[in-house]
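For the sequence shown, my numbering assigns the number 895 to the initial residue and increments by one for each residue that follows. Beta carbons are placed, not taken as given, at the ideal position from N, Cα and C, and that holds for glycine. Computed from a predicted model, the values in this text were never measured in an experiment. Down below is the structure, laid out as structure tokens.
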Amino acid sequence: MYNSKITGLGYYVPENVVTNDDLAKIMDTNDAWIQERTGIKERRHVIKGDDTTTSMGVKAAKIAIERAGIDKEDIDFIVFATLSPDYYFPGPGVLVQRDLGIKTVGALDVRNQCSGFIYALSVADQYIKSGMYKNVLVIGSELHSHGLDMSTRGRSVSVIFGDGAGAAILSREEDNAKGILSTHLHSEGQHAEELSLIAPGMGKRWVTDIIADNDADDESYYPYMNGQFVFKNAVVRFSEVIIEGLKSNDLQASDIDLLVPHQANLRISQFIQKKFKLGDDQVFNNIMKYGNTTAASIPIALTEAWETGKVKDGDLVVLAAFGSGFTWGSAIIRW
Ligand code: UT7
895 MYNSKITGLG
905 YYVPENVVTN
915 DDLAKIMDTN
925 DAWIQERTGI
935 KERRHVIKGD
945 DTTTSMGVKA
955 AKIAIERAGI
965 DKEDIDFIVF
975 ATLSPDYYFP
985 GPGVLVQRDL
995 GIKTVGALDV
1005 RNQCSGFIYA
1015 LSVADQYIKS
1025 GMYKNVLVIG
1035 SELHSHGLDM
1045 STRGRSVSVI
1055 FGDGAGAAIL
1065 SREEDNAKGI
1075 LSTHLHSEGQ
1085 HAEELSLIAP
1095 GMGKRWVTDI
1105 IADNDADDES
1115 YYPYMNGQFV
1125 FKNAVVRFSE
1135 VIIEGLKSND
1145 LQASDIDLLV
1155 PHQANLRISQ
1165 FIQKKFKLGD
1175 DQVFNNIMKY
1185 GNTTAASIPI
1195 ALTEAWETGK
1205 VKDGDLVVLA
1215 AFGSGFTWGS
1225 AIIRW
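Right, dumping it as structure tokens:
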């Protein structure tokens, strides 16, 4: 059996910086509230026409491919995680295959929101471990900004989310002690609606209902989050799934060199850091600059950590995420 290893990482964020003060000009919010509750100082928003979820993913992927030292034709499979696809269907995986101009490899779309990158990584890892594929392109990308309620009504959600993309190349690794040691995935659909975007969908709000109602005040077009409930569940599930990952590899928290948590809220990261008694240099956070980029947050953070020398050969790197679904997961990696 083979292992899989991350051999290339890349990220892309749109140039347009939106500060907390910028948001305060269009809704009733302020820099102090946002920083105190979330740690976020600014985020990026795509300017319409400049980028899409797919185009950002492609830009991140090109960097990852180059850094992996492979040709795009060496990619055997694409896994794309997002909650903000360019189209209702088809998903962005095939658009990446087209826009990268590569042969007719399979392309899979993952719909697991903030845990999307961990789920995508896990899928890719299994394909490589089974021997089916040698190089898999994994992308997490989100264009949130144009789907948010930017009025005061939506402020508890819209100040948090930002746009961007991250990508990784997973390649076959012969040494089983290296690479992705294990991944751990969970869900609890009982709380599906606590962090959700209901419409349009073929459940509660059909496209035909929306057209018939023609109601400009309909909130179901926008993401809904029961913030405190999500927060309480997040801190518990983050901790559980990190412990599960460590235990399954006979490791302990003190073995962690770097934890890269999904960038949901700086307060959540700080809670986890304290719980596992990790130093400031052992937890990577960049939510201050980019906000919560959902499926893109881990690959953006991991790339920045790697670029700034915080990930070294032999390090134990732990990825963990929690979000809508609820879904959560972790990946234990020996770099
Ligand atoms: O990535 C997926 C997983 N997501 C998460 O894990 C996020 C988890 N939740 C959170 O991070 C926090 O719950 C939030 C940051 C979303 C909200 O923080 P909170 O401390 O739970 O605030 P709250 O929703 O309880 O709101 C407190 C007050 C309310 O006012 P009143 O009722 O006390 O008068 C809100 O109306 O803050 C008000 N508020 C705001 N004020 C200024 C809500 N949003 C804003 C805002 N600016 N943007």
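Y982: buried (16+ other C-beta within 10 angstroms of its C-beta) or exposed?
Here residue 982 is taken as the residue at index 88 of the sequence shown, counted from 1. When all chains shown are included, Y982 counts as exposed.
Restricting to Cα atoms, I'd like to know which of R1047, A1059 and R1228 is closest to A958.
Here residue 958 is taken as the residue at index 64 of the sequence shown, counted from 1. Of the candidates R1047, A1059 and R1228, the one whose C-alpha sits nearest the C-alpha of A958 is A1059.
Is any non-hydrogen atom of ligand 1 found closer than 7 Å to the C-beta of L1160, if you look at the structure I gave you?
By 1-based counting over the sequence shown, the position of residue 1160 is 266. Answer for L1160: no, Cβ out of range of ligand 1.
Sequence-distant residues of its chain with Cβ nearer than 8 Å to Q1007 (five each side left out)
Residue mapping note: residue 1007 aligns to position 113 of the sequence shown, counting from 1. Correct list, in chain order: L977, L1089, T1188, A1189, G1217, S1218, G1219 and T1221.
Which residue's Cα is closest to the Cα of Q1020: A975, L1075, R1005 and K997?
Walking along the sequence shown from the start, residue 1020 turns up at place 126. The option with the nearest alpha carbon to Q1020 is L1075.
CA nearest to the CA of D1174, picked from P1193, V1154 and E967
What you label residue 1174 is simply residue 280 of the sequence shown in a count that begins at 1. Considering only alpha carbons, the answer is V1154.
Going by the beta-carbon positions, is the gap between L1031 and A955 smaller than 8 Å?
Counted from its first residue, the sequence shown places residue 1031 at position 137. Counted from its first residue, the sequence shown places residue 955 at position 61. Yes. Within cutoff.
Could you please give me the residues that DSSP links to E967 through a beta bridge?
On the sequence shown, residue 967 is found 73 positions in, with the first residue counted as 1. Answer is none; E967 lacks a bridge partner.
Output needed for K1028: all residues of its chain with C-beta closer than 8 Å, excluding positions within five of it in sequence on either side, in chain order.
Reading the sequence shown from its first residue, position 134 is the one you call residue 1028. The answer, listed in chain order, is D968, D970, I1022, S1065 and R1066.
Same chain only: Cβ atoms within 7 Å of V1211, ignoring 5 sequence neighbours per side
Taking the sequence shown and counting its residues from 1, the one referred to as residue 1211 is at position 317. These residues qualify, in order along the chain: D1151, L1152, V1154, V1205, I1227 and W1229.
Rounded distance between the beta-carbons of P979 and R938, thought under 8 Å:
If you number the sequence shown from 1, residue 938 lands on position 44. If you number the sequence shown from 1, residue 979 lands on position 85. Not really, about 19 Å apart at Cβ, beyond 8 Å.
If you draw a straight line from the C-alpha of L1037 to the C-alpha of A1014, how long is it?
Taking the first residue of the sequence shown as position 1, residue 1037 is located at position 143. Taking the first residue of the sequence shown as position 1, residue 1014 is located at position 120. Roughly 18 Å separates the two Cα atoms.
Here's the rule I'm using: 16 or more other beta-carbon atoms within 10 Å means buried, otherwise exposed. How should M1026 be labelled?
Taking the first residue of the sequence shown as 1, we reach residue 1026 at position 132. Counting Cβ neighbours within 10 Å, M1026 comes out exposed, since fewer than 16 surround it.
Inter-residue Cα distance where the pair is L994 and G951:
As a first step, residue 994 is located in the sequence shown; it is residue number 100 there, counting from the start. As a first step, residue 951 is located in the sequence shown; it is residue number 57 there, counting from the start. Approximately 10 Å between the Cα atoms of the pair.
Residue range of the unbroken alpha helix (DSSP H) whose run includes W1200
Taking the sequence shown and counting its residues from 1, the one referred to as residue 1200 is at position 306. It spans S1191 to E1201 - the alpha helix (DSSP H) in which W1200 sits, taken as one unbroken run.
Hey, G1041 and G1010 are a contact pair by Cβ (cut 8 Å); roughly how many whole angstroms apart?
The sequence position of residue 1041 within the sequence shown is 147, counting from 1. The sequence position of residue 1010 within the sequence shown is 116, counting from 1. Not really, about 16 Å apart at Cβ, beyond 8 Å.
Based on Cα-Cα distance, which residue from V999, E1198 and P1193 lies nearest to I1012?
If you number the sequence shown from 1, residue 1012 lands on position 118. I1012 has its Cα closest to that of P1193, out of V999, E1198 and P1193.
Within 8 Å, strictly: CB atoms of V1017 and V1004:
Within the sequence shown, residue 1017 is the residue found at index 123, counting from 1. Within the sequence shown, residue 1004 is the residue found at index 110, counting from 1. Cβ distance < 8 Å, so V1017 and V1004 count as in contact.
Residue from N1143, I1104, A1158 and E1198 whose Cα sits closest to the Cα of N1070:
Taking the first residue of the sequence shown as position 1, residue 1070 is located at position 176. Measuring from the Cα of N1070, the nearest candidate turns out to be N1143.
Straight-line Cα distance separating N1159 from T1181
Translated into the one-based positions of the sequence shown, residue 1181 becomes position 287. Translated into the one-based positions of the sequence shown, residue 1159 becomes position 265. Reading off the sequence, residue 1181 comes out as Ile, not Thr. So the alpha carbons of these two residues sit roughly 7 Å apart.
Within this structure, are the beta carbons of S1239 and I1136 separated by less than 8 Å?
Outside the displayed range of the chain (895 to 1229) lies residue 1239, so it cannot be described from this structure.
M1119 CB to nearest heavy atom of ligand 1 below 7 Å
Position 225 of the sequence shown, counted from the first residue, corresponds to residue 1119. Within the cutoff, so yes.
If we ignore side chains and look at the alpha-carbon of each, how far apart do A1199 and S898 end up?
Taking the first residue of the sequence shown as 1, we reach residue 1199 at position 305. Taking the first residue of the sequence shown as 1, we reach residue 898 at position 4. For A1199 and S898, the distance between alpha carbons rounds to 20 Å.
Counting C-beta neighbours from all protein chains within 10 Å, is the total for P986 16 or more, i.e. buried, or is it exposed?
In the sequence shown, the residue the question calls residue 986 occupies position 92. So P986 counts as buried.
Contact set for K1072: own chain, Cβ-Cβ below 7 Å, skip 5 residues either direction:
Looking up residue 1072 in the sequence shown gives position 178. Around K1072: N897, K899 and R1228.
Hey, how far is the Cα of A1147 from the Cα of K1141?
Position 253 of the sequence shown, counting from 1, holds the residue named residue 1147. Position 247 of the sequence shown, counting from 1, holds the residue named residue 1141. One C-alpha to the other measures close to 9 Å.
Whole-number beta carbon distance between Y1184 and Q1157, since they are thought to touch under 8 Å
Along the sequence shown, read from residue 1 onward, the residue named residue 1157 stands at position 263. Along the sequence shown, read from residue 1 onward, the residue named residue 1184 stands at position 290. Indeed they touch by this definition, with Cβ atoms about 7 Å apart.
Which residue wins for smallest C-alpha separation from Y1115, given the options Q1122, G1121 and I1104?
Taking the first residue of the sequence shown as position 1, residue 1115 is located at position 221. Selected option, being the one with the closest Cα: I1104.
If you check the beta carbons only, do T1197 and L903 fall under 8 Å apart?
On the sequence shown, position 303 is the one that residue 1197 refers to. On the sequence shown, position 9 is the one that residue 903 refers to. Against a cut-off of 8 Å, the Cβ pair of L903 and T1197 comes out as a contact.
How is R1228 classed by DSSP in three states: helix, strand or coil?
Working through the sequence shown from its first residue, we reach residue 1228 at position 334. Three-state DSSP puts R1228 in a strand.
Hey, quick one: how far does the beta strand (DSSP E) through P984 stretch, first residue to last?
Within the sequence shown, residue 984 is the residue found at index 90, counting from 1. That residue, P984, is in no beta strand (DSSP E); it is neither H nor E in DSSP.
Measure the C-alpha to C-alpha separation of Q1122 and T947 and round it to an integer number of angstroms.
The residue labelled residue 1122 in the question sits at position 228 within the sequence shown. The residue labelled residue 947 in the question sits at position 53 within the sequence shown. Between Q1122 and T947, the C-alpha separation is close to 28 Å.
Should K919 go down as buried or exposed, given a rule of 16 or more other Cβ atoms within 10 Å for buried?
Here residue 919 is taken as the residue at index 25 of the sequence shown, counted from 1. Answer is exposed; the Cβ neighbour count stays below 16.
Which of the three DSSP states, helix, strand or coil, is assigned to V1247?
Any property of residue 1247 remains undetermined from this structure, which presents the chain solely from 895 to 1229.
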